[in-house]
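Those protein sequence lines, which keep their order, are chains A and B.
The first sequence begins at 1 in the working numbering and counts up by one.
The second sequence begins at 94 in the working numbering and counts up by one.
All C-beta atoms, glycine included, are put in the ideal place defined by N, C-alpha and C.
Scroll down for the structure; my scribbles are underneath it.
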Amino acid sequence: MMDIWVNLFLIGGLFFIFVGTLGVLRFPDIYCRAHALNKAMTLGISLLLISATLHIGVSDLWVKAFAIMIFQYSTIPLSGHVLALTAFRFSSK
Amino acid sequence: MSLLKEFKVLAFLVVLVTGAVLVYAIGDFPDWGDPISPASEHVSSYYIENAIHDTAVPNIVTALLADYRGFDTMFETVVVFVAGIAVLFMLRRPKRESEVSMDVSGSPIVKTATRIMVPMMQLFALYIVAHGHHSPGGGFQGGVILGASLILMAIAFGLPSALKKISNKATVMLSALGVLIFSGIGILCMFLGGNFLDYSVLSAILPGTDRVMARSHAMLGVEIGVALTVMTAMFSIYADLASEGQLDQGL
């Protein structure tokens, strides 16, 4: 039963990461690309982490995975913000 | 042909010949993962069997790098130190004449996030340095994270404000201090009657340790030296590259 959930989260995470990288390749300008990368990557990485922790079962790795997720949620949007802001500043000059 | 151009041609020839000799020497190596190569037959099995009894360090990689091959690691640290000094010598220039003011510091969001993240990064780096015996990590890895935290500070708040926290003089001094700690522990071993970097004789001056635990504790001291050198060399190289050797502005 648990294997189904593990695979479901794994496939979901891989799907979102794939969509994010596809967006980086296919979208026309840097704002769209940053948007695709940040949104899809945040969700994809957290789904992959959930899948990994479910696969391992009950252990202290849950805490580490949770900490990783917190850091991802705080740093990925930050990098997207910096990317878009820098692009905006350079294009408006 | 100017002198500089001749010098460049000469340097290129030296590099080419040295590279050719090195490539030629590859032919004498044993095959990758060859089970009957000398390294696999003798030393590897010895390390795997005896590292925990010799040094009381569960992480064999750390025991290897910091103890059995301490001499090698000491000169790796020296290489990092020399790299930082070399970049300093090549790029450092007197101050610019014209004051070109350029606001490159980050947005308030970046500054706030940096203020939260830098202490966590430094705490995690100290954990990696101190816990390198038991889990993956050690002086080089922890030093790189410490250096990255300093670089992040320089990116978010601008280089001058980061240099106010840790001045250029302090950077170079700490970089040298790291090498001094490493080689000083080695020389201390010689004063106590052992070989250079033979940590087990340190049990005479470390209270409450036997010859095995002394090796474990001395490895921690050595890792701290490595971390100091790597951290400051990273930051020094970054500061010189970002400001074109002027240390007045830049990211």
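- Message: Counting beta carbon pairs with one atom in the segment 7-23 of chain A and one in the segment 35-55 of chain A, are three or more of them shorter than 8 Å?
- Response: Yes: at least three Cβ pairs fall under 8 Å.
- Item | Inter-residue spacing [alpha-carbon to alpha-carbon] between L37(A) and L290(B) | Translated into positions along the first sequence, residue 37(A) becomes position 37. Translated into positions along the second sequence, residue 290(B) becomes position 197. When rounded, the distance between both Cα atoms is 49 Å.
- Message: Looking at chain B, is there any beta carbon in it that lies within less than 8 Å of the beta carbon of S74(A)?
- Response: Numbered from 1 along the first sequence, position 74 holds the residue referred to as residue 74(A). Interface residue, yes.
- Query: Ordered along the chain, which non-local residues of its own chain (more than five positions away) have a Cβ less than 6 Å from that of F275(B)?
  - Reply: Walking along the second sequence from the start, residue 275(B) turns up at place 182. Within its own chain, the residues whose Cβ lies closer than 6 Å to the Cβ of F275(B), once the five positions on either side in sequence are excluded, are M167, T170, V315 and G318, listed in chain order.
- Quick one: give me the first and last residue of the alpha helix (DSSP H) that D3(A) is part of. Counting from 1 along the first sequence, the entry for residue 3(A) is found at position 3. Counting along the chain, the alpha helix (DSSP H) containing D3(A) begins and ends at M2 to R26.
- Could you give the distance in angstroms between the alpha-carbon of D303(B) and the alpha-carbon of S293(B)? If you number the second sequence from 1, residue 303(B) lands on position 210. If you number the second sequence from 1, residue 293(B) lands on position 200. Roughly 8 Å separates the two Cα atoms.
- Message: Can you tell me whether W62(A) is helix, strand or coil according to DSSP?
- Response: On the first sequence, position 62 is the one that residue 62(A) refers to. The three-state reading of DSSP puts W62(A) in helix, counting H, G and I together.
- F168(B): CB within 7 Å of a non-hydrogen atom of the ligand MG: Inclusion of the ligand MG in the displayed structure is not the case, the ligand content being empty and no account of it being possible.
- The alpha helix (DSSP H) with N38(A) in it runs from where to where? In the first sequence, residue 38(A) corresponds to position 38, counting from 1. I30 to I56 is the span of the alpha helix (DSSP H), which, as asked, contains N38(A).
- Interface residues of the segment 16-39 of chain A facing chain B [CB-CB below 9 Å]: Listed in sequence order: no entries.
- Item | Beta-carbon proximity check, I330(B) vs G177(B), cutoff 8 Å | Within the second sequence, the letter at position 237 stands for residue 330(B). Within the second sequence, the letter at position 84 stands for residue 177(B). Yes, the Cβ-Cβ distance between I330(B) and G177(B) is below 8 Å.
- Going along the chain, which residues of its own chain have a beta-carbon closer than 7 Å to the beta-carbon of M41(A), five neighbours each way excluded? Taking the first residue of the first sequence as position 1, residue 41(A) is located at position 41. Answer for M41(A): I17, G20 and I76, listed in chain order.
- Beta-carbon proximity of T264(B) to F328(B), cut-off 8 Å: Sequence index remark: in the second sequence, residue 264(B) carries index 171 (1-based). Sequence index remark: in the second sequence, residue 328(B) carries index 235 (1-based). Yes, they are a contact pair.
- Which chain B residues are close to L78(A), counting only those with a beta carbon under 8 Å from its beta carbon? Within the first sequence, numbered from 1, the residue matching residue 78(A) stands at position 78. For L78(A), the C-beta contacts it makes with chain B under 8 Å involve I202, V203 and A206, in order along the chain.
- Smallest Cα separation from S345(B): which of D341(B), G230(B), L299(B) and F122(B)? This structure does not reach residue 345(B), given that chain B is present from 94 up to 344, and the question cannot be answered.
- Item | Exposed unless 16 or more other CB atoms sit within 10 angstroms - verdict on F174(B) | For the purposes of this step, residue 174(B) is identified with residue 81 of the second sequence, where counting begins at 1. Only buried fits F174(B), as 16 or more other CB atoms lie within 10 angstroms of its CB.
- Query: Which chain B residues are close to L85(A), counting only those with a beta carbon under 7 Å from its beta carbon?
  - Reply: The residue given as residue 85(A) occupies position 85 in the first sequence. Close to L85(A), with beta-carbon spacing below 7 Å, are these residues of chain B in chain order: S200.
- Item | Listed by chain order, chain B residues near V63(A) by CB distance under 7 Å | For the purposes of this step, residue 63(A) is taken as residue 63 along the first sequence, with counting starting at 1. Those within 7 Å of V63(A) in chain B number zero; the least Cβ separation is about 14 Å.
- Query: Considering only residues of the same chain and omitting the five flanking positions on each side of M2(A), which have a CB-CB separation below 7 Å?
  - Reply: Sequence index remark: in the first sequence, residue 2(A) carries index 2 (1-based). For M2(A), same chain residues with a beta-carbon under 7 Å away, outside a window of 5 residues either side, are L54 in chain order.
- Which residues mark the beginning and the end of the alpha helix (DSSP H) in which N348(B) is found? The structure shown does not extend to residue 348(B), since chain B is modelled only from 94 through 344, so no value can be given for it.
- Item | D160(B) classed as buried or exposed, judged by whether at least 16 other C-beta atoms fall within 10 angstroms | Your numbering for residue 160(B) matches position 67 in the second sequence. Under this definition D160(B) is a buried residue.
- Message: Just to confirm my understanding: we take H227(B), look at its own chain, exclude 5 residues before and 5 after, and list those with CB closer than 7 Å. What are they?
- Response: Taking the first residue of the second sequence as position 1, residue 227(B) is located at position 134. Cβ neighbours of H227(B) beyond the five flanking positions: P151 and N152.
- Query: Per DSSP, what kind of secondary structure is H310(B) in: helix, strand or coil?
  - Reply: Translated into positions along the second sequence, residue 310(B) becomes position 217. Three-state result, H310(B): helix.
- Query: Is G231(B) helix, strand or coil by DSSP?
  - Reply: Stepping through the second sequence from its first residue, residue 231(B) is reached at position 138. Of the three classes helix, strand and coil, the one that applies to G231(B) here is coil, per DSSP.
- For V160(B), name the three-state secondary structure that DSSP assigns. Translated into positions along the second sequence, residue 160(B) becomes position 67. The identity of residue 160(B) in the sequence shown is Asp, whereas the question assumes Val. Collapsing the DSSP output to three states places D160(B) in a helix.
- Cutoff 8 Å: T58(A) Cβ touching any chain B Cβ: The residue you call residue 58(A) lines up with position 58 of the first sequence. One point to set straight first is that residue 58(A) is Val, not Thr, in the sequence displayed. No, V58(A) lies away from the interface with chain B (no Cβ there is under 8 Å from its Cβ).
- Item | Closer than 8 Å to chain B by CB, V6(A) | Within the first sequence, numbered from 1, the residue matching residue 6(A) stands at position 6. It does not: the Cβ of V6(A) has no partner Cβ on chain B nearer than 8 Å.
- Message: Looking at S260(B): is its Cβ nearer than 8 Å to the Cβ of T322(B)?
- Response: For the purposes of this step, residue 260(B) is identified with residue 167 of the second sequence, where counting begins at 1. For the purposes of this step, residue 322(B) is identified with residue 229 of the second sequence, where counting begins at 1. Against a cut-off of 8 Å, the Cβ pair of T322(B) and S260(B) comes out as no contact.
- Query: CB M283(B) to CB A241(B), shorter than 8 Å?
  - Reply: Counted from its first residue, the second sequence places residue 283(B) at position 190. Counted from its first residue, the second sequence places residue 241(B) at position 148. No, Cβ-Cβ distance for M283(B) and A241(B) is not below 8 Å.
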